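Notes for the one structure printed next.
2 protein chains.
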Amino acid sequence: MTFDHLIDHLRQTSLLLQIAETSHWDQETVMPEKGASLRAEQMGALAATIHTRQSDPQVMEWISELNLEELSPFDRCNVEQARRQYEKATRIPKSLAEASAKAASEGQVQWVEARKQNDYAVFAPALKRNVALKREEAACLTDGEGGLYDGLLDSYEPGARTAEVKPLLESLRPALVSLRERIQEKPAPRSLSGSFPEPDQLELARTVAETMGYDFKAGRLDISVHPFSSGAVSDARITTRIDEADIQFCLFSTMHEVGHALYTQGAAHPYLPAGDYCSMGLHESQSRFWENQIGRSHSFAEWLYPLVSSRFADFNLRGPDELYAAVNHVQTGFVRTEADEVHYNLHILLRFELELELIDGSLETEDLEETWNVRFERDFGIAPPDARLGVLQDVHWSAGLIGYFPTYSLGNIYSACLDEAMRAELPDRDAMVRTGETAPILDWLRSRVHSRGRLLSPQELIAEATGMQPSTRPLIDYLETKFGALYDL
Amino acid sequence: MTFDHLIDHLRQTSLLLQIAETSHWDQETVMPEKGASLRAEQMGALAATIHTRQSDPQVMEWISELNLEELSPFDRCNVEQARRQYEKATRIPKSLAEASAKAASEGQVQWVEARKQNDYAVFAPALKRNVALKREEAACLTDGEGGLYDGLLDSYEPGARTAEVKPLLESLRPALVSLRERIQEKPAPRSLSGSFPEPDQLELARTVAETMGYDFKAGRLDISVHPFSSGAVSDARITTRIDEADIQFCLFSTMHEVGHALYTQGAAHPYLPAGDYCSMGLHESQSRFWENQIGRSHSFAEWLYPLVSSRFADFNLRGPDELYAAVNHVQTGFVRTEADEVHYNLHILLRFELELELIDGSLETEDLEETWNVRFERDFGIAPPDARLGVLQDVHWSAGLIGYFPTYSLGNIYSACLDEAMRAELPDRDAMVRTGETAPILDWLRSRVHSRGRLLSPQELIAEATGMQPSTRPLIDYLETKFGALYDL
Chain A
441 MTFDHLIDHL
451 RQTSLLLQIA
461 ETSHWDQETV
471 MPEKGASLRA
481 EQMGALAATI
491 HTRQSDPQVM
501 EWISELNLEE
511 LSPFDRCNVE
521 QARRQYEKAT
531 RIPKSLAEAS
541 AKAASEGQVQ
551 WVEARKQNDY
561 AVFAPALKRN
571 VALKREEAAC
581 LTDGEGGLYD
591 GLLDSYEPGA
601 RTAEVKPLLE
611 SLRPALVSLR
621 ERIQEKPAPR
631 SLSGSFPEPD
641 QLELARTVAE
651 TMGYDFKAGR
661 LDISVHPFSS
671 GAVSDARITT
681 RIDEADIQFC
691 LFSTMHEVGH
701 ALYTQGAAHP
711 YLPAGDYCSM
721 GLHESQSRFW
731 ENQIGRSHSF
741 AEWLYPLVSS
751 RFADFNLRGP
761 DELYAAVNHV
771 QTGFVRTEAD
781 EVHYNLHILL
791 RFELELELID
801 GSLETEDLEE
811 TWNVRFERDF
821 GIAPPDARLG
831 VLQDVHWSAG
841 LIGYFPTYSL
851 GNIYSACLDE
861 AMRAELPDRD
871 AMVRTGETAP
881 ILDWLRSRVH
891 SRGRLLSPQE
901 LIAEATGMQP
911 STRPLIDYLE
921 TKFGALYDL
Chain S
441 MTFDHLIDHL
451 RQTSLLLQIA
461 ETSHWDQETV
471 MPEKGASLRA
481 EQMGALAATI
491 HTRQSDPQVM
501 EWISELNLEE
511 LSPFDRCNVE
521 QARRQYEKAT
531 RIPKSLAEAS
541 AKAASEGQVQ
551 WVEARKQNDY
561 AVFAPALKRN
571 VALKREEAAC
581 LTDGEGGLYD
591 GLLDSYEPGA
601 RTAEVKPLLE
611 SLRPALVSLR
621 ERIQEKPAPR
631 SLSGSFPEPD
641 QLELARTVAE
651 TMGYDFKAGR
661 LDISVHPFSS
671 GAVSDARITT
681 RIDEADIQFC
691 LFSTMHEVGH
701 ALYTQGAAHP
711 YLPAGDYCSM
721 GLHESQSRFW
731 ENQIGRSHSF
741 AEWLYPLVSS
751 RFADFNLRGP
761 DELYAAVNHV
771 QTGFVRTEAD
781 EVHYNLHILL
791 RFELELELID
801 GSLETEDLEE
811 TWNVRFERDF
821 GIAPPDARLG
831 VLQDVHWSAG
841 LIGYFPTYSL
851 GNIYSACLDE
861 AMRAELPDRD
871 AMVRTGETAP
881 ILDWLRSRVH
891 SRGRLLSPQE
901 LIAEATGMQP
911 STRPLIDYLE
921 TKFGALYDL
């Protein structure tokens, strides 16, 4: 009976969290303009309700009455998740949580203003306050074994340790810088051009999503400024963005978000925390796998080329080879969200190291812009011309999202591990992609990742799925092989 | 401090109720097909959360510590509303509430099946169970002064008494039957015809809504099977339905729902129960006022005619007079939702009296169909040819909505009272409608109804707004005058 009460409590909380997701979807896609402040209040009320449930002392009483040894691994995981939610919810004093929420909201306003003025100094005071509050929060959350940053990282990548993540991510830098430098000496491929009307792009996006195995009866595709995926198993929605001059934005953001949504649609136990997604890094591995390992592969270009060339009369590329080269054009730029596979993780590394130093106190917000620019030039060979293209480009820090950036690179590392293992087990994978018969690929991910919930840590899950410990070696091999051939290195 | 705690509690509950509305909107408009059962679970979790808040004993402790005499009327009303919510939430045992919810859900399934088979007997057992549970519920809710039905009626029309509502509504019957009989002897007006493509209808609907004063920046218009309005002040959405062969469905359902939404957008204190709408009857008075007293007026036909005739090439009517006559065509039919102004309240009267008798025990569900048919023929002069066009036509009873029907007629009665008073104060009203300059009409409703919240009972609100006690006299006068002239009686 105690166990049933606990499970019922957890289930109801999960359902309320799903409602918050639907409200967020609504806000980003269909909400009328004047609804914003009302929505903020509604979301606050729902968040407070969820917090009350997660911090309910009754939960810990129920747990103390249970004999964990008698439970199945799945049920034990639910108990652990309940304990984890309780600790997260109770360790941070209410006054600090409220101050953080307020600072995050004000920080975003200041960030928008600073971007408008193209002046980091306008944003710096708000960031200083955000960082100070995040340090306080981190002190509440850390278990004393790691540094402050561990307390933040754990919210996005459960159980991850800075002491492990930092060397892992940093081992990418020399390989990526070397690859970038060698590619830069080579001629650039022909760029994609043409005019791509919105309705046709949306229709193509639907075809791509369906071919990947996305179930439109359990989801929908809409347009938003920043693409995102949200929802739960039988209602997992995605959005995309459209640029009528360049089909790549719609195409790859659709594949990215469908990657996330396939993970969501594939949950085996969607109503309980043990059935939730494993970590942000794992989630990102799914989006990046479909976006890059599939979407930017030669076989996919072979499948895609006839669809694009028949639909868009002035599409300029001739044949799958040119399409493959164009969508893999490696070009040094300032903006993370537009970066190619070679540069992307260099962008993340920069942000990860900077936020780590802000939190451990070795970098002051006053020095952030200067440090950003110096390090950017070191890694990319060019210096940002202004703050908008430099330190002010991402919303994350303004919103108090610190500890989140490394999960992007973890996702890329995990996706390369999964890619390598899958190729060994599905030797015909290229042919599957070429013909659009990708069901075995999705099945593989379903059984190894999507259906596994939180029963394993991210590292354990990757190890079990691939037969090897997660490392950067598969990602570096993948990039060297792919771009070595493409650029004749 | 105690008062602040109470107000904060009420405000949070109101915000959660609004989230439930948005979820419902989502369900009816954009939710993917497979999301239905998940959504039902989510709504259940949210409803349980709201119930827990409303039945929290802490609320009654706070109230007991307050000195009500020191509070403003608005604050005192919030306290009364909190007490009311608490009583509603605690008087019904949890087991009964759960049984009712289950029976309502199963009842709807049986109703759909019965309609498919066109056989009342398929639905009768489910209705019997629903009625039995509603009687139990009514026994919990009634204060002992009135009969069982009072306990149900009060949920929709706070403070209303069957002993007052019954004679009020029944006083309509002889006047309506007489009017119907006199009209039936007269020739019918020319019917509206043409082809009305969906996008053009939607555009016209937007123009109509804007002209009425609906703020699209605080709302939106979508299509759904059954039109409805939902939301709160700065996010008050409406839906409409489209029949490409008849523009009247879209036109009048838009005006009806905009009437509801204007009430919502005009709330002065939208986050607290004292600022909520007064009653279902009052809400319906707003929708019916705009749909009928404005939308089916000659001046509106004058404004509308050029818009329709210029947009739809094969629209058959010639001039505002023909349009006015067509949208006011009085024709005896079986279906409530398609009824004209003369027949509509006869449909309601039939349902109201039947459900009252089901609840007070003087009618058995076994005899319902027969009784329906006999009484229908008595009032309408024709007998329903089958169950679908008779006793099975409305969803309400299957869903446990008993006590709701009379609010439709109360809405019509109130709207006629408001109409008469407004005409006396705005002698130029016809000219305003004719030119589409309807702002003074909305302002009048804003100050007399929309901004008043729940500070007064429905009767008090109408009395204060119109200077007279609510009665059926204005409605009967309005119908006699309008249809007397139209049909040359």
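Residue numbers (the working numbering), protein chains in the order written: chain A, 441 to 929; chain S, 441 to 929. Quick reminder that beta carbons are idealized off the backbone N, C-alpha and C, glycines included. Please read all numbers here as calculations on a predicted model, not as lab measurements.
Item, Value
"Within 8 Å, strictly: CB atoms of E468 of chain S and F656 of chain S", "no"
"Residues sharing a beta bridge with I663 of chain S, DSSP", "S:T680"
"Every unbroken beta strand (DSSP E) within the stretch 471 to 512 of chain A, with a cutoff of 3 residues, ordered by chain", "none"
"Interface flag, S674 of chain A vs chain S, CB-CB below 8 Å", "yes"
"Cβ pair V770 of chain S, D780 of chain S closer than 8 Å", "yes"
"Neighbourhood of T811 of chain A by C-beta distance below 7 Å, restricted to the same chain and skipping five residues each side", "L794 and L803"
"E731 of chain S beta carbon near the ligand SAH (any heavy atom closer than 7 Å)", "Absence of the ligand SAH is noted for the structure shown, with no ligands found whatsoever."
"Minimum Cβ-Cβ distance from F656 of chain A to chain C less than 8 Å", "Looking at the structure shown, chain C is missing, and the protein chains on hand are A and S."
"is_contact[I447 of chain A, chain S] using C-beta, thresh 8 Å", "no"
"Chain A contact residues for P825 of chain S, given Cβ-Cβ distances below 8 Å", "Ordered by position in chain A, no residue passes the 8 Å Cβ test against P825 of chain S, which lies about 37 Å from the chain."
"Length of the line joining the Cα atoms of T443 of chain A and E501 of chain A", "Correcting the residue type first, residue 443 of chain A is Phe in the shown sequence and not Thr. Between F443 of chain A and E501 of chain A, the C-alpha separation is close to 11 Å."
"Contact set for A714 of chain A: own chain, Cβ-Cβ below 7 Å, skip 5 residues either direction", "F514, C517, N518, Q521, G893, R894 and L895"
"Chain A contacts made by the stretch 448 to 475 of chain S, where a contact means CB separation under 7 Å", "Q452, L455, L456, Q458, I459, T462, S463, D466, V470, M471, P472, E473, K474 and G475"
"Interface residues of chain A facing L486 of chain S [CB-CB closer than 8 Å]", "L455, L456 and I459"
"C-beta neighbour in chain A for T442 of chain S, strict 8 Å", "no"
"Contact under 8 Å by Cβ, V869 of chain S with I881 of chain S", "In the sequence under discussion, the amino acid at residue 869 of chain S is Arg, which differs from the Val named in the question. It is a contact, given that the beta carbons lie within the stated cut-off."
"G840 of chain S in three-state terms, based on DSSP", "coil"
"Pair within 8 Å by beta-carbon distance, R736 of chain A and N768 of chain A", "yes"
"Beta-carbon separation (whole angstroms), R677 of chain S vs G659 of chain S, contact threshold 8 Å", "5 Å"
"Buried/exposed call for D807 of chain A, threshold 16 Cβ in 10 Å", "exposed"
"Inter-residue CB distance, D590 of chain A and R601 of chain A (contact presumed, cutoff 8 Å)", "6 Å"
"Range of the contiguous alpha helix (DSSP H) that encloses G699 of chain A", "I687 to Q705"
"Residue burial classification, V673 of chain S (beta-carbon count within 10 angstroms, cutoff 16)", "buried"
"S545 of chain S to I459 of chain A span [Cα, whole Å]", "21 Å"
"Amino acids of chain S, ordered along the chain, whose beta-carbon sits closer than 8 Å to that of R660 of chain A", "V470 and P472"
"Stretch pair the stretch 482 to 502 of chain A + the stretch 686 to 702 of chain S: three plus CB contacts closer than 8 Å", "no"
"Buried or exposed (CB count within 10 angstroms, at least 16 for buried), T462 of chain A", "buried"
"Residue interval of the alpha helix (DSSP H) (run including S454 of chain A)", "T442 to T469"
"Any chain A beta carbon closer than 8 Å to T489 of chain S", "yes"
"N- and C-terminal bounds of the beta strand (DSSP E) containing G671 of chain A", "S669 to A672"
"Test item: CB-CB of F816 of chain A and G634 of chain A under 8 Å", "no"
"Minimum C-alpha distance to E604 of chain A - residue among A:G671, A:R613, A:G586 and A:S618", "A:G586"
"Counterpart residues of D859 of chain S in DSSP-defined beta bridges", "The partner list for D859 of chain S (beta bridge, DSSP) is empty, contrary to what the question assumes."
"Residue interval of the alpha helix (DSSP H) (run including W551 of chain A)", "K534 to Q557"
"Local conformation of D675 of chain A per DSSP, three classes", "strand"
"Same chain, Cβ closer than 6 Å to P629 of chain S, five either side skipped, listed in chain order", "A765, A766 and H769"
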